[in-house]
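All remarks here apply to the structure that follows.
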Amino acid sequence: MASSISNILNTKLRFTGMASGLDTDAIVQQMIRVQQAKVDKVKQEKQLLEWKRDDYRSIINMLRSFKDEFFDVLKPATYMRSSSTYYAYKVKTTDENVATAKSNGKVAMMEHTIKVEQLAEKAKMESRVGELGLNGLSMDSKISEVANSLGLNLEDNKLSLEINGEEIKISADKTLNDLISAINNSDAGVRISYSSFLDKFIVESKATGADEKIDVISNSNAKNLFYGLGFDVDEVKYGKNAKFKLDGKKDSNGQEVITEKNSNTFTIDGVTYTLTGVGEAKITLTQDTDAIYEKIKSFIDKYNEIVEKITTKVTEKRPRSGGTDKGDYYLPLTDEQREAMTEDEIKKWEEKAKTGLLRNDSLLHGVLERMRSAMNDLTEAGGLFSIGISTGSWRNGAKLFIDEDKLKKAIEDNLDKVVEIFTKTSEISYSPDNSSELRDKRYKESGVVERLFDVLQDYIRTTRSESGQKGLLLEKAGLVGDVTEYQNTLTKQINEKQDYIQELINKLYEKQESLYIKFAYMETALSRMSAQSSWFTQNFNR
């Protein structure tokens, strides 16, 4: 069967074998099979490099996902570099109509008593009912109509007014609805709404607290507008602070201290309180060992998933194709081979051809070895094995095993030690340009999570070192969406293969053209010989 490449090259309309009767096309294709085999071989090498790059990128994306889930400060619930993540409490309150609470990390005390005297409130005012209709207006009335009805001043066909010192301008051809939207979207810090059911307006500050206000009396347009809409605008309206007494705190005179907050939700000593009403409530926190255990287990499970996938890649064998050479591996199919196979056969073949491409890969072995060391080596606070987490034998690679009972006991007995083993931070920050001495010092001073963070940074870092290098895996295979997608070692090799393929195809074309020219000369010579033979036959038979 003729090769697809040869078919592509043989695009000229040729009339061959007219004199000789030979199948010139078939002969030429047979004569260039050696050159075509060279093209197929380099194409297979290029395809293997592309599959290898895809395998690397799959691992890069897996590591990035792991980093995004557990090493992103914007995800505090799973941010394993923070000690706060490892503290969890069950909270009980004697009266949820007074206050509720939750913990945001290590707490100073486990029991609290709170006496709420006043809730924080927004600055607020409500209009009288029906004032809009009394002025002959509706929410769809033009600003020019509103100005005429309520005595507002327009300048350059625009209404300008100030609320809390913030200027708001709107064109006269806009509506009252548009004005309300402009106020709500401004930096005035207030929100105005109209209830058609109640037929009245309500204005509130966007936040609570005594510093929040609604000031419309300092501007004549604003004052006239709100007065015309039915508001009492004789004075500035202010919000209120929450007022409460917490844990019997007293001043120097022995009097209980009233604490004020501008919000009903606030954090004190690691406990976030939400005030819901006036009264007294007792809040009790107990350490939630199961929740802490599950956070650590979730982290370890994801870690194990990663090391198992990488271990599989570096240990899986390339299957043999069973060809004439017993050492033959499954290779990418040539165009000619694909034409002779069904889609299902192609799929099964390529699955085998893609297997084992990263076997014994030194870069990935480096990842596994460093991950194992990060999780297995002793820290200044102790090792993971001391709290029930071990790396097992080398046959298990970098995989971790949890002794549930031992870990839970460690959490119950000495959570601070558990946290320190995981999160202890060095005084030296990570940098790809740190000297070996600084790296060693940072490693010694760090907990296991910080050490693991350094491994991830070294291999999938998107920032550059002083020498211009990004993470080792990115430099090798690139990250889609990053400049390394096109600037990496494997892509460079792939491009070199593509250039070589084009060079071989050009030579193949030249070889084919040369053969067709020779056959054309032969056909011409045979045609002349045939003509001469006919001439001699005719003349000798006279």
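End of the sequence shown = 542 in the UniProt record's numbering, gap-free, step of one. Glycine included, every Cβ here is placed at the ideal spot set by N, Cα and C. Since this is a predicted model, take the numbers as computed values, not measurements.
Residue nearest to residue i in terms of C-alpha spacing, selected from the options
i, options, result
"residue 129", "161, 96, 202 and 279", "202"
"residue 544", "139, 112, 191 and 80", "It is not possible to answer for residue 544, since the shown part of the chain is limited to 1 through 542."
"residue 427", "440, 219, 222 and 98", "440"
"residue 246", "114, 403 and 183", "114"
"residue 196", "431, 254 and 131", "131"
"residue 168", "449, 298, 415 and 190", "190"
"residue 165", "218, 454 and 263", "218"
"residue 453", "53, 71, 234 and 56", "71"
"residue 161", "334, 222 and 204", "222"
"residue 455", "466, 464, 236 and 443", "443"
"residue 352", "321, 174, 136 and 335", "321"
"residue 289", "89, 59, 56 and 67", "89"
"residue 383", "333, 306 and 420", "420"
"residue 447", "82, 265 and 65", "82"
"residue 283", "112, 55, 508 and 477", "112"
"residue 387", "48, 416 and 359", "416"
"residue 155", "186, 308 and 144", "144"
"residue 140", "194, 473, 459 and 379", "194"
"residue 490", "475, 425 and 481", "475"
"residue 171", "236, 142, 292 and 158", "158"
"residue 543", "253, 451 and 423", "One cannot answer for residue 543 here, as it falls past the ends of the chain, which runs 1 to 542."
Beta-bridge partners of residue i, as assigned by DSSP
i, result
"residue 99", "275"
"residue 114", "246 and 281"
"residue 154", "159"
"residue 390", "401"
"residue 175", "142"
"residue 459", "Looking at the DSSP assignment, residue 459 forms no beta bridge with any residue, so it has no partner."
"residue 214", "237"
"residue 320", "329"
"residue 382", "379"
"residue 286", "90"
"residue 256", "250"
Alpha carbon of residue i to alpha carbon of residue j, nearest angstrom
i, j, result
"residue 555", "residue 500", "Here the chain covers residues 1 to 542 and nothing more, so residue 555 does not appear."
"residue 326", "residue 45", "Bear in mind that a pLDDT of 48 at residue 326, under 50, signals an unreliable position, so the model cannot answer this."
"residue 300", "residue 381", "19 Å"
"residue 411", "residue 63", "28 Å"
"residue 304", "residue 399", "5 Å"
"residue 390", "residue 492", "41 Å"
"residue 511", "residue 495", "24 Å"
"residue 153", "residue 176", "15 Å"
"residue 107", "residue 208", "26 Å"
"residue 228", "residue 65", "58 Å"
"residue 275", "residue 268", "13 Å"
"residue 324", "residue 449", "Any reading at residue 324 must be qualified, since the residue scores a pLDDT of 47, below 50, and its modelled position is unreliable; no value is offered."
"residue 438", "residue 84", "27 Å"
"residue 281", "residue 180", "41 Å"
"residue 514", "residue 41", "23 Å"
"residue 375", "residue 369", "10 Å"
"residue 174", "residue 238", "30 Å"
"residue 54", "residue 120", "57 Å"
"residue 285", "residue 255", "27 Å"
"residue 367", "residue 241", "54 Å"
"residue 334", "residue 378", "53 Å"
Terminal residues of the beta strand (DSSP E) in which residue i lies
i, result
"residue 477", "Element bounds for residue 477: not the beta strand (DSSP E) but the alpha helix (DSSP H), 472–477."
"residue 191", "190–195"
"residue 266", "265–268"
"residue 161", "158–163"
"residue 170", "166–171"
"residue 123", "122–126"
Opening and closing residue of the alpha helix (DSSP H) in which residue i lies
i, result
"residue 53", "33–70"
"residue 207", "Here residue 207 belongs to no alpha helix (DSSP H); instead the beta strand (DSSP E) covers 200–208."
"residue 364", "362–376"
"residue 89", "Unbroken run through residue 89 is the beta strand (DSSP E), 89–93; no alpha helix (DSSP H)."
"residue 302", "289–315"
"residue 259", "From DSSP, residue 259 is part of no alpha helix (DSSP H) but of the beta strand (DSSP E) over 259–261."
"residue 227", "220–228"
"residue 483", "Residue 483 -> no alpha helix (DSSP H), and no H or E assigned at all."
"residue 438", "436–445"
"residue 344", "343–353"
"residue 132", "131–134"
"residue 359", "Neither: residue 359 is in no alpha helix (DSSP H) and is coded neither H nor E."
"residue 339", "335–339"
Nearest-angstrom Cβ-Cβ length linking residue i and residue j, presumed shorter than 8 Å
i, j, result
"residue 257", "residue 101", "Rounded, the Cβ-Cβ distance is 19 Å, inconsistent with contact."
"residue 504", "residue 39", "5 Å"
"residue 329", "residue 318", "5 Å"
"residue 59", "residue 310", "6 Å"
"residue 146", "residue 137", "6 Å"
"residue 357", "residue 314", "Actually they are not in contact, since the Cβ atoms of residue 357 and residue 314 sit about 11 Å apart, beyond 8 Å."
"residue 91", "residue 278", "The pair is not a contact, with the Cβ atoms about 21 Å apart (cut-off 8 Å)."
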